[in-house]
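Contents: one structure, followed by commentary.
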């Protein structure tokens, strides 16, 4: 019986450690594996809502804009009438109810992968 309890405790520890190691370390941490990162806030007010451009992250395959604390790709919708049209290193172009609007970052700070690693 004691051998069975030790086996059960050991098995439980293995399962718990496997589950814990599979969890991400910090789900709110930005993905710094992207090569180009511009992180500065720009805010614009629209008739129905405020659009807060916080960061632009890009590399050759992917482009992301952090707007109102959420990540968006090109062609994604912010809400029912606002769509992300184009993402460049310095700006995001939106289509709001058929009208194009460009939000520029106030200043651009580009970080490369080597700078993020501390090299």
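Residue numbers (the numbering used here): 24 to 142.
Glycine included, every Cβ here is placed at the ideal spot set by N, Cα and C.
Predicted model only: the values in this text are computed from it and were never measured.
Problem - Among 88, 82, 103, 100, the one whose alpha carbon lies nearest that of residue 128 - result: 88
Exercise for the section: Report buried or exposed for residue 93, applying the criterion of at least 16 other Cβ atoms within 10 angstroms of its Cβ. Expected result: exposed
Exercise for the section: For residue 109, I'd like the list of residues in its chain whose CB is within less than 8 Å of its CB, leaving aside the five on either flank, ordered along the chain. Expected result: 97, 115, 116
Problem - Distance between residue 35 and residue 76 (C-alpha atoms, nearest Å) - result: 46 Å
Problem - Beta-carbon spacing of residue 74, residue 125 below 9 Å - result: no
Handout entry: Best match in 111, 91, 32 for proximity to residue 102 [C-alpha to C-alpha]
Key = 91
Exercise for the section: Please name the residue in 86, 100, 40 whose C-alpha comes closest to that of residue 120. Expected result: 100
Practice task
Could you check what DSSP says for residue 41 in three-state terms: helix, strand or coil?
Solution key: helix
Practice task
Using the Cα positions of residue 37 and residue 30, report the straight-line distance between them to the nearest angstrom.
Solution key: 11 Å
Handout entry: Spatial distance of residue 41 from residue 25 (CA atoms)
Key = 24 Å
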